[in-house]
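Data first, discussion second: the structure below is written as structure tokens.
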Amino acid sequence: MGIKTILIANRGEIARRIARTCRTRGLRVVAVYSEADKDMPFVREADVAVSIGPPPVAQSYLNMDAIIQTAKQTGADAIHPGYGLLSENATFARKVEEAGLVFIGPRPAVIERMGDKVTARRTMAEAGVPVVPGTERGISGEEEALAEAERIGYPVMIKASAGGGGIGMQVCRTPDELKKALPSVQAKAKAYFGDSAVFLERLIERPRHVEVQVAADSQGHTVHLFERECSVQRRNQKVVEECLSPSVRPETRERLYDAAVRAAEAVGYTGVGTVEFLVDEQERIYFLEMNTRLQVEHPVTEMVTGQDLVDWQLDIAEGKPLPLRQHEIKARGHAVEYRIYAEDPTTFLPSPGKIRSMTVPEGEGIRVDAGVEAGNEVTPFYDPMIAKLIVSGPTREMVLEKSRAVLEEFRVEGIRTNLPLLRALLDHPDFADGRYDTQLLQYFRVDGGVRR
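Using full-length UniProt numbering, the first residue of the sequence shown is number 1, and each one after it goes up by one.
This is the structure:
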């Protein structure tokens, strides 16, 4: 089954990144775009570009029927969803298949199973993968929530069952906090995911967030491509990721790999995916979720392994076996990804506007995946991430030293960005030592330097 034309059902940097691999394979690329994105680079660089609606995502990038109809009209064989938007929407994957097109990702049933966090927890527990203590089904109301929280033990985290990306999560340390938070989390879950179901998990205090890249083909082969440390976060969303983790012990690393592969095999996974874990202070690991798609931070894995994960996705979608077996996959050196956001570096509030100029660093061991260029307008309709800077080298120390110079060279004029935060982060002793957890940015601000 040879794919000739791919429609990329996404935008910005990930649309450009997917298109780059498509071009190396000689594939024709179709872009879809909203009216707000008509002047964006990913639109100009595609072989064919089709407008599918006004700026709001519900009327454009989430319009399943318009996307599938465009794929048919442009002669596309397959649809690549990228990350976010429709990438983990089982209904969309099913519609793509019913239209006779290839969905670049796992089967709809697998997306459905892992997309529901309660079902995913139960599946992982049955497969012997450690999970955070919590509820085994959705919470129906306040009375049940209070009883379950008492059983689990405070503090607890309320989470949207259909959620992701840190949306629909709230910490509760007392019954009163739980009663107050429950309705708002349910409402947010309904607004963002179309499903108000929530569940409870015990809060793991000051954990590290470590994820394992996995890949599986339709011939029954499953491998891991090592781990990524993703603990530098603001509002439960990642800001800096590195491969490999600078802090987990070798024996913990092996347990993470084993659990991740077991998780993928337990659901009959095919494609490229990521199994996310929390690691506590005693280095106990807990399954967090499985992302059935390409991750934002996949470039650090590519830099360390020398593999093109989009290329792997396309091979798997065409029914080919994995290009490498586990013993053939090697990790060489270190890589760190810095997410560059159009936002205030202190308040984290978005900073839309026109980019007057943009200076992007170049050189060996430097990769920039950018969704914008000078002259582009950063609108308030979409995620504020405008680029990813990936720096690699033989050792972590060398990468951090190179990062100082590269981050100074990276300039964006016309809007505020988090570049000052990223530069200051390199001077934080905990980050420099690689001994940090998900609370690092809670005590870290940029205001003429670092304030703790």
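Where a beta carbon is used, it is the ideal one built from N, C-alpha and C, also for glycine.
Check	Outcome
Would you grab the beta carbon distance between Val96 and Ile3 for me? Rounded to a whole angstrom, and I think it's under 8 angstroms.	13 angstroms between Cβ atoms; not a contact.
Per DSSP, which residues does Asn291 bridge with? Please list them.	Thr274
My output table needs one value for Arg451: the three-state DSSP class, helix, strand or coil.	Model confidence at Arg451 stands at a pLDDT of 39, short of 50, so the residue's coordinates are unreliable and nothing is read from them.
Give the DSSP-derived three-state secondary structure of Ile8 in the structure shown.	strand
Taking 8 angstroms as the threshold (C-beta atoms), are Ala342 and Pro384 in contact?	yes
Might you give, ordered along the chain, the residues of its own chain that have their beta carbon closer than 7 angstroms to the beta carbon of Asp433, omitting 5 neighbours on each side?	none
Checking 8 angstroms against the spacing of the C-beta atoms, do Glu337 and Glu241 come in under that value?	yes
Can you have a look at Gly115 and say buried or exposed, based on whether 16 or more other CB atoms are within 10 angstroms of its CB?	buried
Determine the burial state of Gly449: buried for a count of at least 16 other Cβ atoms within 10 Å of its Cβ, exposed for fewer.	Residue confidence is low: Gly449 scores 45 on pLDDT, short of 50, so the model does not pin down where it sits. No coordinate-derived value is stated.
State the DSSP-derived secondary structure class of Lys320, mapped to helix, strand or coil.	coil
Residue range of the alpha helix (DSSP H) that Gly134 falls in?	Segment: none, Gly134 is in no alpha helix (DSSP H) and carries neither H nor E.
So what's His428 in DSSP terms, helix, strand or just coil?	coil
Using the beta-carbon count (16 or more within 10 Å), is Ala147 buried or exposed?	exposed
Less than 8 angstroms separating the beta-carbons of Ala120 and Met290?	yes
I'd like to know if Val29 contacts chain D, where contact means its C-beta is closer than 8 angstroms to some C-beta of that chain.	Reference to chain D is not applicable here, since this structure consists of a single protein chain.
Use the C-beta contact count for Asp39: other C-beta atoms within 10 angstroms, 16 or more gives buried, fewer gives exposed.	exposed
With 16 as the cutoff for other CB atoms within 10 Å, does Gln219 come out buried or exposed?	exposed
Grab me the residues of Glu211's own chain with a C-beta within less than 7 angstroms of its C-beta, minus the 5 sequence neighbours each way, in chain order.	Glu227, Arg228, Cys230, Thr274, Val275, Glu276, Phe277
Taking only the alpha-carbon atoms, compute the straight-line gap between Arg452 and Phe431 and give it to the nearest angstrom.	Unreliable placement is indicated for Arg452, whose pLDDT of 36 sits below 50; the coordinate value is still reported in the next sentence. Cα-Cα distance, rounded: 14 angstroms.
Taking the alpha-carbon positions, what's the Val304 to Ala160 distance?	34 angstroms
Quick one: grab the DSSP three-state call for His298.	helix
Going by DSSP in three states, Ile14 sits in which element: helix, strand or coil?	helix
Beta-carbon within less than 6 angstroms of Tyr154's beta-carbon, same chain only, minus the 5 sequence neighbours each way: which residues are those?	Arg173
By Cβ distance below 6 angstroms, which residues in the same chain neighbour Arg356 in space, the five residues on each side in sequence not counted?	Glu413, Gly414
For Ala370, is the classification buried or exposed, using 16 other Cβ atoms within 10 angstroms of its Cβ as the cut-off for buried?	buried
Taking the alpha helix (DSSP H) that Phe348 belongs to, which residues open and close that run?	It is not in any alpha helix (DSSP H) - Phe348 carries neither H nor E in the DSSP assignment.
Let me know the beta strand (DSSP E) ranges lying completely inside the stretch 157–234, each 3 residues or longer, listed in chain order.	169–172, 198–202, 208–216, 222–234
If you draw a straight line from the C-alpha of Ile111 to the C-alpha of Phe193, how long is it?	14 angstroms
So within the stretch 42–71, which uninterrupted beta strand (DSSP E) runs reach at least 3 residues, ignoring any that extend past its ends?	48–53
So, at 7 angstroms on beta carbons, what are the nonlocal neighbours of Ile366 in its own chain, with the 5 sequence-adjacent residues on each side left out?	Val391, Val406
Ignore the nearest five residues each way along the sequence and tell me which others in Ile316's own chain have a CB closer than 8 angstroms to its CB.	Ala215, Ala216, Asp217, Ser218, Thr270, Gly271, Val272, Leu322
Can you tell me whether DSSP reads Ala145 as helix, strand or coil?	helix
Taking C-beta to C-beta, are Arg339 and Val239 nearer than 8 angstroms?	yes
Using the three-state DSSP reduction, which class does Val368 fall into: helix, strand or coil?	strand
Between which residues of its own chain and Pro207 is the CB-CB distance below 7 angstroms, once the five residues before and five after are set aside?	Leu278, Val279, Asp280, Asp437, Thr438
Flag this pair as yes or no: are the beta carbons of Thr74 and Leu27 separated by less than 8 angstroms?	no
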